[in-house]
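The sequence shown maps to residues 4 to 344 in the numbering used here. Note that CB positions come from ideal geometry on N, CA and C, so glycine has one too. Presented below is the structure to which this report refers.
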Amino acid sequence: MQDGKLGVAIHGAGWVASAHVLSWKKNPHVQVVSVGDINLERAQQFADNNGLSCAVRDNFDEVLADECVDIVDVSGPSHVHAEQGIAAAEAGKHVLVEKPIALTMEENRALRDAVAKSGVKSITSFVSRFNQEVVTLRSMLQSKAIGELFYAEVDYWHGIKPTHHAWNLHSKKKTGGSTMLLGGCHAIDALRWLVDDEVEELTAYSNNPKGFFEYDANVVAVMKFRGGVIAKASALFDCEMPYSFNIDLAGTEGTLRDNRVWSKKLFPGQTSWSTFPTIMMDSADVMHHSFDEEINYFVECIREDRQPHCNIIDGYRSHELCMAIDRSIEVGGPVKLPLEP
Ligand SMILES: NC(=O)c1ccc[n+]([C@@H]2O[C@H](COP(=O)([O-])OP(=O)(O)OC[C@H]3O[C@@H](n4cnc5c(N)ncnc54)[C@H](O)[C@@H]3O)[C@@H](O)[C@H]2O)c1
4 MQDGKLGVAI HGAGWVASAH VLSWKKNPHV QVVSVGDINL ERAQQFADNN
54 GLSCAVRDNF DEVLADECVD IVDVSGPSHV HAEQGIAAAE AGKHVLVEKP
104 IALTMEENRA LRDAVAKSGV KSITSFVSRF NQEVVTLRSM LQSKAIGELF
154 YAEVDYWHGI KPTHHAWNLH SKKKTGGSTM LLGGCHAIDA LRWLVDDEVE
204 ELTAYSNNPK GFFEYDANVV AVMKFRGGVI AKASALFDCE MPYSFNIDLA
254 GTEGTLRDNR VWSKKLFPGQ TSWSTFPTIM MDSADVMHHS FDEEINYFVE
304 CIREDRQPHC NIIDGYRSHE LCMAIDRSIE VGGPVKLPLE P
C-alpha cells in the first residue's frame, strides 16, 4: 500500500501487459509500483514507455518481498502462470493471472489450492466476461428474454500463424500444445458463464490440415450440461477470415445470435431480427479488450473484501473443461466431468 493506494506489480512486460497497464493507470485506487520481466531491458523500456517511475525488476522473489506490492499481475508467457500465481498467493498478494492459468491438471489444481488456502483475492483474466455484448447476452438470459435456454454455441475462430506472438505459438512445450487452452478457453469460459452451469459430458474432435503447429490447430467439442443444455464450442487457428467470436443461444421463447435478438416476449410485433448496439466480441487486439472493466471490478472486489466471479477457483473449472476436451481427442471418445473429484 502506498499513499492509501493498492500497489500493483506487473510481471511480464509484453503485449497483453501493454493493455493491462493502461487500465491499472486509470484506476484511482491503485498505483503501479513494480514492472518486471525476465528481460530487464524490456521491463525498463515498458516502464519508460508508460511514464512509470517505479521499481524495475527481473527477479520475481524481489517482487514478492516488496511490501508496497499488494497485487501481482502475472502477464508473462503461459508456461510461467501457475508457478508465479502460486508463489504470489503464498506470499499473500492478490493475484491476476492471464489465461491460460495452467497448462496441466496438476498445475491447475496446485494453483487453485494455493489460492484457496491463502485467502487472497484472485482473478482469471477471462476478459470476455466484461465485454458489453457478453454482459448484455447474460442479462437477457437471466431475465428469461428467450425463455429457458436449451442450446448454446460459442466459437473462437482466430486465423493465426505460429509467428503471431514473440514466444513460439507452434511449440507444444511453451503453449501446453492445446488450441483450446491457448485461445479457445475464452469461448469455453464464455459458454460456462452464459449457460451458468457445468458440463457433465463431452466429445471432441480435432485436425491440423496446414501443419503450422506442433499440435492440432482446430478443435470442436459437443457438450451436455448438468441441467440439460446441449452445446458446441470450437477453436480454429487455421481459418482464413477476420477474427470472429460467434455466440448462438436458443431458448424456448426466442433466440440470441451475437447482438441479434428474436424474442416474442420482448418484441411481440417483431417481424425480423432486432439488433442491440454494443461493443462486439469481434477483435483479437488486446487494446480493444475490456481490461478497464475487468481491472476495475477486481480492484472493487479487493476493496470490498469479496471474491470475483471469475476468481482462480472458478477459472480452474474453465481450464478443466478445456483439458477434458483435449483428453477426449486423445482417448477418441466421450469424457465425463469433473476430471477430478
Ligand atoms: N486475456 C486475453 O485476452 C489475452 C490476450 C493476449 C495474451 N494473453 C495471454 O497473456 C500471456 C502473454 O502474452 P503476450 O502476447 O503478452 O506475450 P509477449 O511475448 O508479448 O509478452 C510476454 C513477456 O513475458 C516475458 N517473460 C518471459 N518469461 C518470463 C518470466 N519467467 N517472468 C516474467 N516475464 C517473462 C517476455 O520477456 C515478454 O516480455 C499469454 O499467456 C497469453 O495467452 C491473454
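message = Taking 8 Å as the cut-off, is the beta-carbon of residue 338 closer than that to any non-hydrogen atom of ligand 1?
response = no
task = Return helix, strand or coil for residue 233, following the three-state DSSP convention.
result = Under the three-state reduction of DSSP, residue 233 is assigned to strand.
ask   = Taking the alpha-carbon positions, what's the residue 75 to residue 34 distance?
value = 12 Å
query = Buried or exposed: which applies to residue 311, given that a residue is buried once 16 or more other Cβ atoms fall within 10 Å of its Cβ?
reply = buried
Alpha carbon of residue 283 to alpha carbon of residue 25, nearest angstrom = 21 Å
query = For residue 145, is the classification buried or exposed, using 16 other Cβ atoms within 10 angstroms of its Cβ as the cut-off for buried?
reply = exposed
query = Start and end of the beta strand (DSSP E) containing residue 254?
reply = 247-254
task = Keeping to the same chain, check which residues put their C-beta closer than 6 Å to that of residue 266; ignore five residues upstream and five downstream.
result = Counting only Cβ-Cβ distances below 6 Å, and skipping sequence neighbours, we find 148, 149, 257.
request  = Confirm, please, whether the CB-CB distance from residue 14 to residue 66 is below 9 Å.
outcome  = yes
ask   = So, helix, strand or coil for residue 156, using DSSP?
value = Correct three-state label for residue 156: strand.
message = At a cut-off of 8 Å, would you count residue 193 as near ligand 1, judging by its Cβ distance to the nearest heavy atom?
response = no
task = Spell out the partners DSSP gives residue 263 in its beta bridges.
result = Answer by DSSP bridge pairing, in chain order: 260, 278.
task = Report back the beta-carbon spacing between residue 321 and residue 129 to the nearest angstrom; my notes put them in contact at under 8 Å.
result = 7 Å
Check whether residue 85 and residue 113 have beta carbons under 9 Å apart = Cβ distance < 9 Å, so residue 85 and residue 113 count as in contact.
key: Classification of residue 56 by the beta-carbon crowding that lies within 10 angstroms, buried from 16 upward   = Exposed is the call here.
request  = Evaluate residue 244 with the Cβ neighbour count: other Cβ atoms within 10 Å of its Cβ, from every protein chain shown; 16 or more gives buried, anything less gives exposed.
outcome  = Residue 244 should be labelled exposed.
task = Would you decide whether residue 39 is buried or exposed? Buried here means 16 or more other CB atoms lie within 10 Å of its CB.
result = buried
query = From the DSSP output, which residues share a beta bridge with residue 13?
reply = 38, 76
inquiry  = ligand 1 and residue 67: does any heavy atom of the ligand fall closer than 8 Å to the residue's C-beta?
reply    = no
task = Can you check DSSP and say which residues form a bridge with residue 221?
result = 210, 239
query = Exposed or buried, residue 32, counting other C-beta atoms within 10 Å across all chains shown (16 or more means buried)?
reply = Residue environment: residue 32 is assigned as exposed (fewer than 16 neighbouring CB atoms within 10 Å of its CB, all protein chains considered).
Three-pair Cβ contact test at 8 Å for the region 292-310 versus the region 174-185 = no
ask   = Which residues share a DSSP beta bridge with residue 127?
value = 100
ask   = Cα separation between residue 45 and residue 103?
value = 23 Å
ask   = So is the beta-carbon of residue 35 under 8 Å away from any non-hydrogen atom of ligand 1?
value = no
request  = Return the chain-ordered list of same chain residues with a C-beta closer than 8 Å to the C-beta of residue 279, the five sequence neighbours on each side being excluded.
outcome  = Within its own chain, the residues whose Cβ lies closer than 8 Å to the Cβ of residue 279, once the five positions on either side in sequence are excluded, are 139, 262, 264, listed in chain order.
query = Given residue 223, which residues of its chain have a CB within under 6 Å of its CB, disregarding the five upstream and five downstream residues?
reply = 208, 237
inquiry  = Quick check: is any heavy atom of ligand 1 less than 8 Å from the C-beta of residue 78?
reply    = yes
key: residue 129 CB to nearest heavy atom of ligand 1 below 8 Å   = yes
inquiry  = Am I right that residue 77 and residue 101 are in contact with their C-beta atoms under 8 Å? What's the rounded C-beta distance?
reply    = 6 Å
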